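This is the structure in structure tokens:
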């Protein structure tokens, strides 16, 4: 069975970023409230873990590098959240 951790990683990262950033002003869809931030960041974190697994299993393709580059988005999000709310 050929598993594509990198493909699942990208899907979860994009879904997580979309759900997480929906709570902030440009989009501001607030049907999940603060839970949307936690659900989105959890999905994003699972995607990062799958990207790391894909990297260590040496999957072919370029997608695994894109998923690993998105780690910087998580760091930026945590910094912005700390600046906006004042706590994490």
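Numbering (our numbering), first residue to last: 964 to 1051.
We put the CB at the ideal spot given by N, CA and C, even for glycine.
Because the structure is a prediction, the values reported are computed rather than measured.
### Task
Answer with buried or exposed for residue 1017, where buried requires no fewer than 16 other C-beta atoms within 10 angstroms of its C-beta.
Buried, because 16 or more other Cβ atoms sit within 10 Å of the Cβ of residue 1017.
### Task
Give the DSSP-derived three-state secondary structure of residue 1033 in the structure shown.
coil
### Task
Tell me, please, whether the stretch 970 to 979 touches the stretch 1003 to 1015 by the rule of three or more beta-carbon pairs shorter than 8 Å.
yes
### Query
If you draw a straight line from the alpha carbon of residue 997 to that of residue 1004, how long is it in whole angstroms?
11 Å
### Task
To the nearest angstrom, report how far apart residue 1008 and residue 1049 are at their CA atoms.
22 Å
#### Entry: Nearest-angstrom beta carbon gap, residue 969 and residue 1006 [assumed within contact, 8 Å]
At roughly 16 Å, the Cβ-Cβ gap does not stay under 8 Å, so residue 1006 and residue 969 are not in contact.
### Message
In this structure, how does DSSP classify residue 1023 when only helix, strand and coil are distinguished?
### Response
The answer is coil: DSSP assigns residue 1023 none of H, G, I, E or B.
### Message
At the level of alpha carbons, what is the spacing between residue 1019 and residue 1001?
### Response
27 Å
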